[in-house]
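Mapping of the sequence shown onto this note's numbering: position 305 corresponds to residue 314, and the numbering continues sequentially without gaps. Here a beta-carbon is modelled for each residue, glycine too, at the ideal position from N, C-alpha and C.
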Amino acid sequence: MDAEGGLEIGGLRPRPGAGPLRCAFCHGEVPRGGVRCGACGAVHHRACLHEAPRCATCAVDLAAAADLPLRGRREVSPVRVLAALAGAGLVAAVTLAGWRSAAAPIVAPLGARVQITPPGPVLRQRVISLRGTIAAGAGAHVRAGRGDAFADAGGRFTLAGLALPEGPSVLRVEVAQGGETATVDLPLFVDSAPPLLTLLEPADLESATAASRLRVVVRVDDASPVDVQIGGQPAEALGDGRHAREVPLVTGPNRVDVVAVDQAGWRAAAALSVRRRPPRLTLEVLEPADGAIVGGSAACVRGRVASDGPLTGLRVTVGDATASVSSDGTFEAWVPNAEGRRAVSVVAWTGEGRVQARRGWTGDLTPPRLEVLLPADVSTPRAAVEVTCWAVDDGPWTEVRVVGAPGAVVRLEGGRPGVVSLPLGEGGGELTLLPVDAAGNEGAVVTLRALREPDGPAWLRALPAEARPPLPLPEGLCFGAAPGEYVNERDGSVLAWAGGVFMGKHEVTERQLAVQRMAAGRTAAPAHAASAVLPARRVSWEEARAYAAWAGLRLPTRAEWTRAALGDDGRPFPWGEAEPGPPRVNTPPARQGGQLVLGAGDHGRPEAVTARPAGASPVGCLHMIGNVAEWVADVDPARPALRLHMGGSFRAPVDRALGATFALPGPDDAVGLRVCR
């Protein structure tokens, strides 16, 4: 017999009086070529060790110690049952795979059923061996399942090859001796397969994220209870076999191990590879809009920071100011404002990222100034009157608001004049206009006087019936403040009733024409720079027609102009029979027979359209002779390339002033216009 690694290999002999040697695994007789366990003394066939390399009694690896070849063998964990008969009772304790029952030894008379609690251990295999000792039990018959054995002289017995079902079961052990029988029920649980581990979150074993923590959810399917660890820490059981845990991540590669170990000792594992990249920050500046006009001494900059990761430690600066930041990433900061172009840098950062944006605006701290280009001190039977205004401001637009009338608002774009419709109440009153620019700056108010008389003003009722126009007045006309005056609301022209037509009392002024040119976008020159009293000149025939159409009026015909100038009583001059002279006309001197006569000119210059009231026509029109010539609508069919103007000018002598003059339709320094309706 050789000794090797604590084993006895070959040449085995039974101990004196012990009977033949039997294999602890198959219970067959062991010839001299068997193997004895050096730890517990159990004997095994060499062939059985090919199937079960561990000692069937104490689980020592005999095949490794004896260097035996393995051929398709399977491990079988030992089951040790210690039973002793003492007196008239049965004492039992159980140890399975290194587990010892927590139950105290139970003493019962033979023939009684004994059950050991709590439930027994969990086994990794379905075929087990059962070995025990019965004191003074030589020849006792032991049965369990389909196995049976007789105790030897020392009371020892072994039951091998006991097959158990998967899951929980109860193995009943019966001991019979001398006509008496005792039973022991061993609760066992077989779990012969490792846990099945399924990853639910994240979906892949390899993933990338910007989050600082990763939620891992797995499902474990197994016959016995399992302990699950995720990232080295116990996982939370969610039910239905699901387990979860959040694990912290560092920037860069991370390995997260998931391990499930059941009560049989089976182990299932998976490794997650997670790369955490720095979070992507996005910065959006909401206010002010890029290029906006901002008023006030300080500008409020608002915005929002978003990220696909945490916003932990978010800070935002706007220029030199530190913004207040909310938990949702919105921020706000006030920065100094000044006239002209302004720009600030907006920077947002966390401990893991930084983003920057730039926002510019125009500071406007100067309030607008409102000018009424066309007078609005009028009397009208309508509920509203139109006033043409112009706002002096550097901003893109200015709103004109009527104080006390919230709905009466008009926006004047780009420094161009606009028409404000002003509501009128019954009787007289004042209208207050408030200019507000794009930056919110409020300018000085402008107050206008207006009168609403549904039945017409008192001076109208004092006129003879033949001198009154039909009522109501045409749309766009209203009564003027002075008797016989009617005001065109669009351009402020003062008209006189000339029997069938409203004729312009004055020639159109430079400012009136400038307003129309600005409204049409033909000039950027401010309208208020033009004269409000001098007549417009250097006006072409086409431009005169365009102005009249814009104002809602027209050019008079030759016949209408002549009737408004001379009336129907055959007078030679608009003012009557008196000779022309300086109080009545603005024309150069004329020569008769070598003598200078009728000298009435003002040294070759135009004068105010309201000058020389002594030269008024029968209907009250001024400068029907002299000052500037006036285009009329007629076209001579015989000379279609020429156009007609009437009344002479500061250059034409009186003796030629009442005649019609045909000229090219282009602008002339001495030609203006008069409108009618």
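Fill in: Leu253 versus Val225: straight-line alpha-carbon distance, rounded
Walking along the sequence shown from the start, residue 253 turns up at place 244. Walking along the sequence shown from the start, residue 225 turns up at place 216. The residue asked about is misnamed: residue 253 is Ala in this sequence, not Leu. The alpha-carbon atoms of Ala253 and Val225 are separated by roughly 5 Å.
Worksheet entry | Contact set for Ala617: own chain, Cβ-Cβ below 7 Å, skip 5 residues either direction | Counting from 1 along the sequence shown, the entry for residue 617 is found at position 608. Val542, Leu543.
Worksheet item: Could you check where the alpha helix (DSSP H) with Met527 kicks off and where it finishes?
Response: Taking the first residue of the sequence shown as position 1, residue 527 is located at position 518. Met527 -> alpha helix (DSSP H) spans 519 to 528.
Practice prompt. Reducing DSSP to helix, strand and coil, say where Arg554 ends up.
Written response: For the purposes of this step, residue 554 is identified with residue 545 of the sequence shown, where counting begins at 1. Looking at Arg554 - three-state DSSP - the assignment turns out to be helix.
Practice prompt. With DSSP as the reference, please indicate the residues paired to Ser354 in a beta bridge.
Written response: Working through the sequence shown from its first residue, we reach residue 354 at position 345. According to DSSP, Ser354 bridges with Arg367.
Discussion item. I'd like the list of long-range same chain contacts for Arg350, defined as Cβ closer than 7 Å, with 5 residues on each side in sequence excluded.
Written reply: Translated into positions along the sequence shown, residue 350 becomes position 341. Closer than 7 Å at Cβ, skipping near neighbours: Gly369, Thr371.
Worksheet item: Going by other Cβ atoms of all chains shown within 10 Å of its Cβ, with 16 needed for buried, is Arg285 buried or exposed?
Response: As a first step, residue 285 is located in the sequence shown; it is residue number 276 there, counting from the start. Flag for Arg285 reads buried.
Worksheet item: From Phe671 to Ala661, what does the alpha carbon distance come to, in whole angstroms?
Response: For the purposes of this step, residue 671 is taken as residue 662 along the sequence shown, with counting starting at 1. For the purposes of this step, residue 661 is taken as residue 652 along the sequence shown, with counting starting at 1. Their backbone Cα atoms lie some 14 Å apart in a straight line.
Worksheet item: Along the chain, which unbroken stretches of the beta strand (DSSP E) at least 3 residues long are found entirely within the segment 197 to 226?
Response: 205 to 210, 215 to 218
Item to complete: From the DSSP output, read off the bridge partner residues of Ile302.
Response: As a first step, residue 302 is located in the sequence shown; it is residue number 293 there, counting from the start. Paired residue(s): Thr371.
Worksheet item: Are Gly681 and Arg526 closer than 7 Å when you measure CB to CB?
Response: Here residue 681 corresponds to residue number 672 of the sequence shown, with the count starting at 1. Here residue 526 corresponds to residue number 517 of the sequence shown, with the count starting at 1. Cβ distance not < 7 Å, so Gly681 and Arg526 don't count as in contact.
Item to complete: Would you mind stating whether Pro376 and Gly305 have Cβ atoms separated by less than 7 Å?
Response: Locating residue 376 in the sequence shown gives position 367, counting from the first residue. Locating residue 305 in the sequence shown gives position 296, counting from the first residue. No, the Cβ-Cβ distance between Pro376 and Gly305 is not below 7 Å.
Worksheet entry | Close Cβ partners of Leu209 (< 8 Å) along its chain, the five nearest in sequence each way excluded | In the sequence shown, counting from the first residue as 1, residue 209 sits at position 200. Once the five neighbours on either side are set aside, the close Cβ partners of Leu209 are Val226, Val227, Arg228, Arg251.
Practice prompt. Measure the C-alpha to C-alpha separation of Val396 and Val429 and round it to an integer number of angstroms.
Written response: Numbered from its first residue, the sequence shown carries residue 396 at position 387. Numbered from its first residue, the sequence shown carries residue 429 at position 420. Cα to Cα, the separation comes out at about 5 Å.
Fill in: Ala672: first and last residue of the uninterrupted alpha helix (DSSP H) it sits in
In the sequence shown, the residue the question calls residue 672 occupies position 663. Not the alpha helix (DSSP H): Ala672 falls in the beta strand (DSSP E), residues 670 to 672.
Discussion item. What would DSSP say about Cys57, mapped onto helix, strand or coil?
Written reply: To locate residue 57, count along the sequence shown from 1; it is residue 48. Helix, per DSSP.
Practice prompt. Note down the Cα distance separating Glu84 from Pro62, rounded to an integer number of angstroms.
Written response: Position 75 of the sequence shown, counted from the start, is the residue given in the question as residue 84. Position 53 of the sequence shown, counted from the start, is the residue given in the question as residue 62. The predicted model places Glu84 with a pLDDT of 32, which falls under 50 and marks its position as unreliable; any figure quoted below should be read in that light. If you take the alpha carbons of Glu84 and Pro62, they lie about 7 Å apart.
Fill in: C-alpha gap between Trp468 and Pro492, whole angstroms
Here residue 468 refers to the residue found at position 459 when the sequence shown is read from its first residue. Here residue 492 refers to the residue found at position 483 when the sequence shown is read from its first residue. For Trp468 and Pro492, the distance between alpha carbons rounds to 5 Å.
Worksheet item: How long is the line joining the alpha carbons of Asp271 and Gly240, rounded to whole angstroms?
Response: The residue given as residue 271 occupies position 262 in the sequence shown. The residue given as residue 240 occupies position 231 in the sequence shown. Spanning the two alpha carbons is a distance of roughly 18 Å.
Item to complete: Rounded to whole angstroms, what's the CA-CA distance from Met655 to Trp570? Just pull it up for me.
Response: On the sequence shown, residue 655 is found 646 positions in, with the first residue counted as 1. On the sequence shown, residue 570 is found 561 positions in, with the first residue counted as 1. The alpha-carbon atoms of Met655 and Trp570 are separated by roughly 8 Å.
Fill in: Minimum length 4: unbroken alpha helix (DSSP H) runs contained in the segment 421 to 472
467 to 471
Fill in: Start and end residues, beta strand (DSSP E) containing Arg567
One-based indexing of the sequence shown puts residue 567 at position 558. Run containing Arg567: none in the beta strand (DSSP E); it sits in the alpha helix (DSSP H), 567 to 575.
Discussion item. I'd like the list of long-range same chain contacts for Cys64, defined as Cβ closer than 6 Å, with 5 residues on each side in sequence excluded.
Written reply: As a working mapping, residue 64 is identified with position 55 in the sequence shown. Taken in chain order, the residues that qualify are Cys46, Ala51, Leu71.
Fill in: Three-way DSSP call (helix, strand, coil) for Asp157 in this model
For the purposes of this step, residue 157 is taken as the residue at position 148 of the sequence shown. In this structure, Asp157 counts as strand in the three-state DSSP scheme.
Worksheet entry | Below-7 Å beta-carbon distance, Glu551 vs any chain C residue | Of the protein chains in the structure, only one exists, and it is not chain C.
Discussion item. I believe Arg626 touches Ala574 by the beta-carbon criterion, under 8 Å. Please report the beta-carbon distance rounded to the nearest angstrom.
Written reply: Taking the first residue of the sequence shown as 1, we reach residue 626 at position 617. Taking the first residue of the sequence shown as 1, we reach residue 574 at position 565. Note on identity: in this sequence residue 626 is Ser, with Arg being the wrong assignment. Going by Cβ atoms, the distance from Ser626 to Ala574 rounds to 5 Å, so yes, they are a contact pair.
Item to complete: Rounded to whole angstroms, what's the CA-CA distance from Leu290 to Gly362? Just pull it up for me.
Response: For the purposes of this step, residue 290 is taken as the residue at position 281 of the sequence shown. For the purposes of this step, residue 362 is taken as the residue at position 353 of the sequence shown. Answer to the nearest angstrom: the Cα atoms are 7 Å apart.
Item to complete: Could you tell me which of Gln238, Ala447, Arg311, Trp399 sits nearest to Glu255, measuring between CA atoms?
Response: What you label residue 255 is simply residue 246 of the sequence shown in a count that begins at 1. That would be Gln238, whose Cα lies nearest to the Cα of Glu255.
Practice prompt. Assuming Thr359 contacts Val283 (C-beta within less than 8 Å), just tell me the rounded distance between them.
Written response: Position 350 of the sequence shown, counted from the start, is the residue given in the question as residue 359. Position 274 of the sequence shown, counted from the start, is the residue given in the question as residue 283. Wrong, their Cβ atoms sit about 20 Å apart, outside the cutoff.
Worksheet entry | Arg410 in three-state terms, based on DSSP | Locating residue 410 in the sequence shown gives position 401, counting from the first residue. Looking at Arg410 - three-state DSSP - the assignment turns out to be strand.
Worksheet entry | Cys309 - containing beta strand (DSSP E), residue span | As a working note, residue 309 is residue 300 in the sequence shown. Note, Cys309: beta strand (DSSP E), 307 to 316.
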